[in-house]
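S.K.: Keeping their order, the protein sequence lines are chains V and C. Heads up: the first sequence at position 317 corresponds to 316 in numbering that gives the first Met the number 0, and the numbers run straight through without jumps. Heads up: the second sequence at position 299 corresponds to 298 in numbering that gives the first Met the number 0, and the numbers run straight through without jumps. Handing you this structure, nothing more for now.
Number of protein chains: 2
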Amino acid sequence: MITFTIPSFTDIRNAHLRISSEIHRTPVLRSASINDLSGVQAFFKCENFQKVGAFKYRGAVNAVLSLSDIEANRGVATHSSGNHAAALALAAKKRGIKCYVAMPSTAPKTKAAAVRYYGAEITFCEPNLQSREDTLNMIIRRTGATFIHPFDNFNVICGQGTAAREFLEEVPDLEILLVPVGGGGLLSGSAIAARAISPDIQVFGCEPANADDACRSFHSGTLFPSVNPNTIADGLLTSLSELTFAIVRKNVQDILTVPESSILSAMRLVWERMKIIIEPSSAVPVAVMMENREKFAGKKMGIILSGGNCDLSNLPFREA
Amino acid sequence: MITFTIPSFTDIRNAHLRISSEIHRTPVLRSASINDLSGVQAFFKCENFQKVGAFKYRGAVNAVLSLSDIEANRGVATHSSGNHAAALALAAKKRGIKCYVAMPSTAPKTKAAAVRYYGAEITFCEPNLQSREDTLNMIIRRTGATFIHPFDNFNVICGQGTAAREFLEEVPDLEILLVPVGGGGLLSGSAIAARAISPDIQVFGCEPANADDACRSFHSGTLFPSVNPNTIADGLLTSLSELTFAIVRKNVQDILTVPESSILSAMRLVWERMKIIIEPSSAVPVAVMMENREKFAGKKMGIILSGGNCDLSNLPFREA
Numbered sequence: 000m001i002t003f004t005i006p007s008f009t010d011i012r013n014a015h016l017r018i019s020s021e022i023h024r025t026p027v028l029r030s031a032s033i034n035d036l037s038g039v040q041a042f043f044k045c046e047n048f049q050k051v052g053a054f055k056y057r058g059a060v061n062a063v064l065s066l067s068d069i070e071a072n073r074g075v076a077t078h079s080s081g082n083h084a085a086a087l088a089l090a091a092k093k094r095g096i097k098c099y100v101a102m103p104s105t106a107p108k109t110k111a112a113a114v115r116y117y118g119a120e121i122t123f124c125e126p127n128l129q130s131r132e133d134t135l136n137m138i139i140r141r142t143g144a145t146f147i148h149p150f151d152n153f154n155v156i157c158g159q160g161t162a163a164r165e166f167l168e169e170v171p172d173l174e175i176l177l178v179p180v181g182g183g184g185l186l187s188g189s190a191i192a193a194r195a196i197s198p199d200i201q202v203f204g205c206e207p208a209n210a211d212d213a214c215r216s217f218h219s220g221t222l223f224p225s226v227n228p229n230t231i232a233d234g235l236l237t238s239l240s241e242l243t244f245a246i247v248r249k250n251v252q253d254i255l256t257v258p259e260s261s262i263l264s265a266m267r268l269v270w271e272r273m274k275i276i277i278e279p280s281s282a283v284p285v286a287v288m289m290e291n292r293e294k295f296a297g298k299k300m301g302i303i304l305s306g307g308n309c310d311l312s313n314l315p316f317r318e319a
Numbered sequence: 000m001i002t003f004t005i006p007s008f009t010d011i012r013n014a015h016l017r018i019s020s021e022i023h024r025t026p027v028l029r030s031a032s033i034n035d036l037s038g039v040q041a042f043f044k045c046e047n048f049q050k051v052g053a054f055k056y057r058g059a060v061n062a063v064l065s066l067s068d069i070e071a072n073r074g075v076a077t078h079s080s081g082n083h084a085a086a087l088a089l090a091a092k093k094r095g096i097k098c099y100v101a102m103p104s105t106a107p108k109t110k111a112a113a114v115r116y117y118g119a120e121i122t123f124c125e126p127n128l129q130s131r132e133d134t135l136n137m138i139i140r141r142t143g144a145t146f147i148h149p150f151d152n153f154n155v156i157c158g159q160g161t162a163a164r165e166f167l168e169e170v171p172d173l174e175i176l177l178v179p180v181g182g183g184g185l186l187s188g189s190a191i192a193a194r195a196i197s198p199d200i201q202v203f204g205c206e207p208a209n210a211d212d213a214c215r216s217f218h219s220g221t222l223f224p225s226v227n228p229n230t231i232a233d234g235l236l237t238s239l240s241e242l243t244f245a246i247v248r249k250n251v252q253d254i255l256t257v258p259e260s261s262i263l264s265a266m267r268l269v270w271e272r273m274k275i276i277i278e279p280s281s282a283v284p285v286a287v288m289m290e291n292r293e294k295f296a297g298k299k300m301g302i303i304l305s306g307g308n309c310d311l312s313n314l315p316f317r318e319a
């Protein structure tokens with residue numbers, strides 16, 4: 000039997016106290032033209048402006064600051080080729096401790112460069128789960144570092160929940176909250192915080208149709224893995240864990256999916272109308288809003304723009 | 000003999016009163032990593048978030064609101080393929096009057112689409128100065144519309160000066176102000192406002208080396224036209240007018256130029272580090288800051304990010 004501890008809103012508040020001097024309190028932006036086009040009142044919480052360019056820094060810094068000095072001195076480790084690795088690297092650097100990252104040899108050079116920029120030590124592995132876990136375990140045996148999972152981690156989820164808390168402090172009467180879902184760390188933390196602050200708010204997970212494992216899990220009640228996901232939203236490839244699935248089932252209204260073409264249009268819409276850079280994963284909830292105009296007509300909607308890390312040399316825009 | 004009236008700071012304050020309910024008070028952003036890289040304390044006034052995506056809306060709306068009802072009823076006209084045309088179109092639409100634009104037939108479709116989106120009537124002309132002026136004059140004879148020049152216009156300059164005023168209200172102790180210069184409307188208004196508020200501030204015009212007519216005019220004391228400018232900063236192709244040249248000579252410390260490669264690097268820097276979209280013209284003062292680290296070391300520097308309108312299908316980024 001698997002047991003785990005589900006964070007409460009008090010845990011998220013404590014995380015917020017712990018990290019608030021370390022993170023940016025990111026702005027909430029609006030767009031008159033997107034409101035015109037969508038027929039809703041949309042508010043955007045800009046975690047693309049967070050340190051390392053993504054909400055992931057909240058969870059990583061909360062996990063790092065929650066370590067005892069003895070644990071911290073042995074460092075932290077993770078396997079990731081994305082924003083979590085960069086976030087953990089910076090959080091470790093700020094505490095003055097080591098960070099070890101197991102990264103597939105096929106990861107884009109820009110990702111490895113970002114992690115190295117923040118001072119982490121990278122060990123490359125084969126691009127498969129077995130090699131990644133073997134490499135990580137070897138690092139941990141060698142160093143005694145604490146493994147900080149990207150989302151299946153109590154302190155990480157508590158940190159991620161602080162964005163929704165700030166959001167509802169600034170816009171208390173949000174009726175709907177749209178959050179992208181991959182592993183479910185951001186969605187879990189957001190849903191716990193939002194429903195504690197505003198019991199009537201409806202929280203929706205937003206997922207690419209081409210990586211709809213969370214949607215299928217939610218509707219069937221059985222945790223499905225993500226099988227051969229193929230989406231531009233490369234932050235949303237992972238599956239829920241038992242922990243995040245339990246939180247999502249209890250606190251989330253529904254999981255809505257959108258096709259790739261809608262994600263791309265939504266990304267372009269935000270770039271063109273708001274003049275801010277969001278990564279494809281952040282465009283997923285925007286696409287959900289644009290594809291469900293009737294469902295959400297006239298509502299006060301919050302969208303968490305989860306990050307802004309894109310490879311500018313390889314953008315997906317073609318002739319409109 | 001040419002005579003003209005040079006705006007005073009009182010004129011800019013009056014413009015600000017006139018337009019403040021019509022414009023966005025744009026945010027001032029900072030970037031820790033750009034400060035680290037440049038060795039200065041940089042503040043960015045984000046006119047890329049202004050209506051129509053550029054500071055041009057300030058001048059256009061001030062010009063439109065300064066018309067008498069009789070003048071306004073006959074509409075406004077301009078020749079431009081850029082941000083001024085879109086700005087004038089929206090300003091006219093908001094006042095409920097007509098806007099006529101003479102635009103070269105070679106202008107990008109996206110530019111014509113933007114102007115049409117705001118309700119202006121476009122007349123296409125040949126892509127040369129004679130055809131443009133003939134077409135504009137024909138429109139004015141036919142309609143009685145008032146010509147609103149993109150920068151050689153008292154009310155336009157007063158409107159553009161309101162951005163620097165907001166900037167210094169928010170960051171009163173700026174020591175340096177960097178402003179891009181094409182026709183000199185923004186630089187003129189900014190310099191008048193900044194020096195009235197902070198007499199010791201140094202205002203620099205920032206220009207592509209490949210379109211350095213303002214720099215040569217400034218240093219020689221004779222107004223040079225822009226001859227075959229060839230720069231990615233397509234908002235800075237035009238030359239100063241007698242009016243803007245007179246203001247710039249009196250109020251600006253110097254005009255600094257930067258090569259194309261620096262403009263492109265600066266644009267990429269802002270996109271990657273700040274996650275905001277700026278057009279190439281806005282990257283010119285950022286490039287000036289990065290290329291003059293010793294000159295500006297440790298200073299509190301203000302940069303006006305003039306606009307954010309880019310063709311996303313045709314971006315200049317290549318493998319880094």
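In this text, a Cβ means the ideal position worked out from N, Cα and C, and glycines have one as well.
Taking the alpha helix (DSSP H) that Asp-253 (chain C) falls in, what are its first and last residues?
M.R.: On the second sequence, residue 253 (chain C) is found 254 positions in, with the first residue counted as 1. From DSSP, Asp-253 (chain C) is part of no alpha helix (DSSP H) but of the beta strand (DSSP E) over 253-257.
S.K.: In chain C, what lies closer than 8 Å to Gly-276 (chain V) by C-beta?
M.R.: Indexing the first sequence from 1 puts residue 276 (chain V) at position 277. Per the sequence shown, the amino acid found at residue 276 (chain V) is Ile instead of Gly. Those are Trp-270, Lys-274, Ile-275 and Ile-276, listed as they occur along chain C.
S.K.: From Thr-134 (chain V) to Phe-123 (chain V), what does the alpha carbon distance come to, in whole angstroms?
M.R.: In the first sequence, the residue the question calls residue 134 (chain V) occupies position 135. In the first sequence, the residue the question calls residue 123 (chain V) occupies position 124. Straight-line Cα distance between these residues: approximately 8 Å.
S.K.: Mind listing the chain C neighbours of Gly-307 (chain V)? Cutoff is C-beta to C-beta under 7 Å, in chain order.
M.R.: Here the question's residue 307 (chain V) lines up with position 308 in the first sequence. Per Cβ cutoff of 7 Å: Lys-274.
S.K.: Provide the residue(s) that pair with His-83 (chain V) in DSSP beta bridges, ordered along the chain.
M.R.: Along the first sequence, one-based indexing puts residue 83 (chain V) at 84. Beta-bridge pairing links His-83 (chain V) to no other residue.
S.K.: Short check: CB of Ile-254 (chain V) to CB of Val-180 (chain V), under 8 Å?
M.R.: As a working mapping, residue 254 (chain V) is identified with position 255 in the first sequence. As a working mapping, residue 180 (chain V) is identified with position 181 in the first sequence. In this structure, Val-180 (chain V) lies closer than 8 Å to Ile-254 (chain V) by Cβ.
S.K.: Does the CB of Leu-36 (chain C) have a neighbour CB from chain V at under 8 Å?
M.R.: Translated into positions along the second sequence, residue 36 (chain C) becomes position 37. For Leu-36 (chain C), the answer is no, since every Cβ of chain V falls outside 8 Å of its Cβ.
S.K.: Quick one: Cα of Ala-112 (chain C) to Cα of Leu-311 (chain V), how far?
M.R.: As a working note, residue 112 (chain C) is residue 113 in the second sequence. As a working note, residue 311 (chain V) is residue 312 in the first sequence. Cα-Cα distance, rounded: 25 Å.
S.K.: With distances taken between CB atoms, is the gap from Val-39 (chain C) to Ala-296 (chain C) smaller than 8 Å?
M.R.: Start at 1 with the first residue of the second sequence, and residue 39 (chain C) comes out as number 40. Start at 1 with the first residue of the second sequence, and residue 296 (chain C) comes out as number 297. Yes, they are a contact pair.
S.K.: Between Ile-191 (chain C) and Glu-174 (chain C), is the Cβ-Cβ spacing less than 8 Å?
M.R.: Here the question's residue 191 (chain C) lines up with position 192 in the second sequence. Here the question's residue 174 (chain C) lines up with position 175 in the second sequence. No, these two residues do not count as a Cβ contact at 8 Å.
S.K.: In whole angstroms, give me the CA-to-CA distance for Glu-120 (chain V) and Ile-231 (chain C).
M.R.: On the first sequence, position 121 is the one that residue 120 (chain V) refers to. On the second sequence, position 232 is the one that residue 231 (chain C) refers to. Cα-Cα distance, rounded: 39 Å.
S.K.: What are the start and end residues of the alpha helix (DSSP H) that includes Leu-222 (chain V)?
M.R.: Here residue 222 (chain V) refers to the residue found at position 223 of the first sequence. Per DSSP, Leu-222 (chain V) belongs to no alpha helix (DSSP H) and is neither H nor E.
S.K.: Roughly how many whole angstroms lie between the Cα atoms of Ser-130 (chain C) and Met-137 (chain C)?
M.R.: The sequence position of residue 130 (chain C) within the second sequence is 131, counting from 1. The sequence position of residue 137 (chain C) within the second sequence is 138, counting from 1. Cα-Cα distance, rounded: 10 Å.
S.K.: Does any CB atom of chain C fall closer than 8 Å to the CB of Asn-82 (chain V)?
M.R.: Sequence index remark: in the first sequence, residue 82 (chain V) carries index 83 (1-based). It does not; no Cβ of chain C falls within 8 Å.
S.K.: Establish whether the CB of Gly-234 (chain V) and some CB of chain C are separated by less than 8 Å.
M.R.: Taking the first sequence and counting its residues from 1, one reaches residue 234 (chain V) at position 235. With 8 Å as the cut-off, Gly-234 (chain V) does not count as an interface residue toward chain C.
S.K.: Cys-309 (chain V) by DSSP, collapsed to three states: which one?
M.R.: Residue numbering aside, residue 309 (chain V) sits at position 310 when the first sequence is read from its first letter. Looking at Cys-309 (chain V) - three-state DSSP - the assignment turns out to be coil, as it is neither helix nor strand.
S.K.: What's the gap between the Cα of Asn-291 (chain V) and the Cα of Cys-205 (chain V)?
M.R.: Within the first sequence, the letter at position 292 stands for residue 291 (chain V). Within the first sequence, the letter at position 206 stands for residue 205 (chain V). Rounded to the nearest angstrom, the two C-alpha atoms are 12 Å apart.
S.K.: Quick check: the Cα distance between Lys-44 (chain C) and Pro-26 (chain C), rounded to an integer number of angstroms?
M.R.: Reading the second sequence from its first residue, position 45 is the one you call residue 44 (chain C). Reading the second sequence from its first residue, position 27 is the one you call residue 26 (chain C). Rounded to whole angstroms, Lys-44 (chain C) to Pro-26 (chain C) spans 6 Å at the Cα level.
S.K.: Assuming Leu-304 (chain V) and Asn-47 (chain V) form a contact by the criterion Cβ under 8 Å, report the distance between their Cβ atoms to the nearest whole angstrom.
M.R.: Looking up residue 304 (chain V) in the first sequence gives position 305. Looking up residue 47 (chain V) in the first sequence gives position 48. Going by Cβ atoms, the distance from Leu-304 (chain V) to Asn-47 (chain V) rounds to 5 Å, so yes, they are a contact pair.
S.K.: Report the three-state DSSP secondary structure of Thr-134 (chain V) (helix, strand or coil).
M.R.: Counted from its first residue, the first sequence places residue 134 (chain V) at position 135. Correct three-state label for Thr-134 (chain V): helix.
S.K.: So Glu-168 (chain C) is in the alpha helix (DSSP H); what residue range does that whole segment cover?
M.R.: Stepping through the second sequence from its first residue, residue 168 (chain C) is reached at position 169. Note, Glu-168 (chain C): alpha helix (DSSP H), 153-169.
S.K.: For Arg-24 (chain V) and Glu-165 (chain V), what's the separation of their Cα atoms in angstroms?
M.R.: In the first sequence, counting from the first residue as 1, residue 24 (chain V) sits at position 25. In the first sequence, counting from the first residue as 1, residue 165 (chain V) sits at position 166. Each residue's alpha carbon lies about 8 Å from the other.
S.K.: In this structure, what does DSSP give as the bridge partners for Thr-122 (chain C)?
M.R.: On the second sequence, residue 122 (chain C) is found 123 positions in, with the first residue counted as 1. Thr-122 (chain C) is bridged to C:Ala-101.
S.K.: Using a Cβ cut-off of 8 Å (strictly closer), state whether Leu-314 (chain V) contacts chain C.
M.R.: Working through the first sequence from its first residue, we reach residue 314 (chain V) at position 315. Yes, Leu-314 (chain V) counts as interfacial toward chain C.
S.K.: Which value, in whole angstroms, describes the spacing of the CA atoms of Val-178 (chain C) and Leu-186 (chain C)?
M.R.: As a first step, residue 178 (chain C) is located in the second sequence; it is residue number 179 there, counting from the start. As a first step, residue 186 (chain C) is located in the second sequence; it is residue number 187 there, counting from the start. Cα to Cα, Val-178 (chain C) sits roughly 6 Å from Leu-186 (chain C).
S.K.: Under a three-way DSSP split, which group does Gln-49 (chain V) fall into?
M.R.: For this step, residue 49 (chain V) is matched to residue 50 along the first sequence. Residue state, collapsed to three classes: coil.
S.K.: Report the residue from C:Trp-270, C:Ile-276, C:Ala-193 and C:Glu-293 whose alpha carbon sits nearest the alpha carbon of Arg-12 (chain C).
M.R.: By 1-based counting over the second sequence, the position of residue 12 (chain C) is 13. Checked all of C:Trp-270, C:Ile-276, C:Ala-193 and C:Glu-293; the closest Cα to Arg-12 (chain C) is C:Ala-193.
S.K.: So what does DSSP say about Val-27 (chain V), is it helix, strand or coil?
M.R.: Counted from its first residue, the first sequence places residue 27 (chain V) at position 28. Three-state DSSP puts Val-27 (chain V) in a strand.
S.K.: Quick check on DSSP: helix, strand or coil for His-15 (chain C)?
M.R.: Within the second sequence, residue 15 (chain C) is the residue found at index 16, counting from 1. Reduced to three states, the DSSP call for His-15 (chain C) is helix.
S.K.: Among the residues of its own chain, which have a CB less than 7 Å from the CB of Ser-80 (chain V), if the five just before and after it don't count?
M.R.: For the purposes of this step, residue 80 (chain V) is taken as the residue at position 81 of the first sequence. Taken in chain order, the residues that qualify are Met-102, Pro-103, Ala-106 and Lys-110.
S.K.: Between the Cα of Arg-57 (chain V) and those of V:Phe-153, V:Leu-28 and V:Pro-315, spot the shortest distance and give me the residue it belongs to.
M.R.: Sequence index remark: in the first sequence, residue 57 (chain V) carries index 58 (1-based). Selected option, being the one with the closest Cα: V:Phe-153.
S.K.: Could you tell me the alpha carbon to alpha carbon distance between Phe-244 (chain C) and His-148 (chain C), rounded to whole angstroms?
M.R.: Taking the second sequence and counting its residues from 1, one reaches residue 244 (chain C) at position 245. Taking the second sequence and counting its residues from 1, one reaches residue 148 (chain C) at position 149. Taking the straight line joining both Cα atoms gives about 15 Å.
S.K.: So who's on the other strand from Gly-301 (chain C), going by DSSP bridges?
M.R.: As a first step, residue 301 (chain C) must be located in the second sequence, where it is residue number 302. Note: Gly-301 (chain C) sits in a beta bridge opposite C:Phe-42 and C:Leu-176.
S.K.: According to DSSP, His-78 (chain C) sits in a beta bridge with which residue or residues?
M.R.: The sequence position of residue 78 (chain C) within the second sequence is 79, counting from 1. For His-78 (chain C), which the question treats as bridged, DSSP gives the partners C:Ala-101.
S.K.: Mind listing the chain V neighbours of Leu-311 (chain C)? Cutoff is C-beta to C-beta under 7 Å, in chain order.
M.R.: Counting from 1 along the second sequence, the entry for residue 311 (chain C) is found at position 312. Per Cβ cutoff of 7 Å: Arg-267, Trp-270, Glu-271 and Phe-316.
S.K.: Taking C-alpha atoms, which residue in V:Leu-128, V:Ser-197 and V:Val-60 lies nearest to Glu-21 (chain V)?
M.R.: By 1-based counting over the first sequence, the position of residue 21 (chain V) is 22. Out of V:Leu-128, V:Ser-197 and V:Val-60, V:Val-60 has the C-alpha closest to the C-alpha of Glu-21 (chain V).
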